[in-house]
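Report on the structure given below.
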Amino acid sequence: MKLALRMIAVLTGIGLFSGGSLALTYNATIKKIGENERKAKELAAREVIPGAARVEETVIDRACSYFKGYDEAGNLVGYAVLNSEPGFQGNIKLIFGVTPDFKHSTGLIILDNVETPGLGNRIVEEAWRAQFKGLALPGEVVKGTKSAENQIVAITGATISSKAVVRIINNGLMKFQEAVK
Numbered sequence: 363m364k365l366a367l368r369m370i371a372v373l374t375g376i377g378l379f380s381g382g383s384l385a386l387t388y389n390a391t392i393k394k395i396g397e398n399e400r401k402a403k404e405l406a407a408r409e410v411i412p413g414a415a416r417v418e419e420t421v422i423d424r425a426c427s428y429f430k431g432y433d434e435a436g437n438l439v440g441y442a443v444l445n446s447e448p449g450f451q452g453n454i455k456l457i458f459g460v461t462p463d464f465k466h467s468t469g470l471i472i473l474d475n476v477e478t479p480g481l482g483n484r485i486v487e488e489a490w491r492a493q494f495k496g497l498a499l500p501g502e503v504v505k506g507t508k509s510a511e512n513q514i515v516a517i518t519g520a521t522i523s524s525k526a527v528v529r530i531i532n533n534g535l536m537k538f539q540e541a542v543k
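Just so we're aligned, residue 363 is where the sequence shown starts under my numbering, counting upward by one.
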């Protein structure tokens, strides 16, 4: 009986120490993690808004926000919309640029995803993302070759991930347009 109580006491002590260490580490790093995420979003926003020297974020909801991009003279040069929705295996978090007239995309950056490596994860490749520069909005996914300004070619073997990216962009665009009206 004494041995069992000692084992319980030791395991409880180890559990309390581990939990306390984890809580202290979390509290010590949460501000830095948040600051790094904010900087990454702003950098991505400036990248997808050509000519943007400064950006300002407005939050729409928990998963969606947008940035207004301004040039050195303070003129509006475009918008960047950040949106996160489910893909094939988990959420895809992306940011895409939009022209001031809301008619064309100016670029796309995938900030986070857990899609299948080698298939759906190919949504991060520059060759595929390049299709979104100048894309007429709202977008549409096609297999094979595209025949219209608003179409992108799906990744072979990853049509679900390709469609998810376009759906996330189109839904983000709708939320954004409603928010700025």
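Ideal placement from N, C-alpha and C gives every residue a C-beta, glycine not left out.
Bear in mind the structure is a predicted one, so any value in this text is a computation, not a measurement.
Between which two residues does the alpha helix (DSSP H) holding residue i run?
i, result
"residue 429", "Unbroken run through residue 429 is the beta strand (DSSP E), 426–432; no alpha helix (DSSP H)."
"residue 540", "521–542"
Under DSSP, the beta strand (DSSP E) around residue i begins and ends at which residues?
i, result
"residue 380", "Note, residue 380: premise wrong, no beta strand (DSSP E); alpha helix (DSSP H) at 364–410."
"residue 489", "Careful: residue 489 lies outside any beta strand (DSSP E), inside the alpha helix (DSSP H) at 488–491."
For residue i, which option in the options has the closest C-alpha, if you only look at C-alpha atoms?
i, options, result
"residue 489", "521, 469 and 476", "469"
"residue 474", "466, 480, 368 and 486", "486"
"residue 443", "432, 411 and 399", "411"
"residue 460", "405, 523, 380 and 430", "430"
"residue 589", "363, 436 and 462", "Residue 589 is absent from the model: the chain starts at 363 and stops at 543."
"residue 533", "458, 383 and 491", "458"
"residue 424", "537, 377 and 542", "537"
"residue 501", "369, 426, 527 and 445", "527"
"residue 480", "435, 379 and 517", "517"
"residue 483", "450, 464 and 506", "450"
Is it right to say residue i is buried, meaning 16 or more other beta carbons lie within 10 angstroms of its own, or is it exposed?
i, result
"residue 407", "buried"
"residue 373", "exposed"
"residue 467", "buried"
"residue 403", "buried"
"residue 477", "buried"
For residue i, does the three-state DSSP call read helix, strand or coil?
i, result
"residue 422", "coil"
"residue 414", "coil"
"residue 440", "strand"
Within the 7 Å Cβ cut-off, does residue i reach chain B?
i, result
"residue 456", "Note that chain B does not occur in the displayed structure, where there is just one protein chain."
Whole runs of the beta strand (DSSP E) within the stretch 447–526, excluding any shorter than 3 residues: Runs of the beta strand (DSSP E) inside the stretch 447–526: 453–460, 466–474, 495–498, 502–504 and 513–515.
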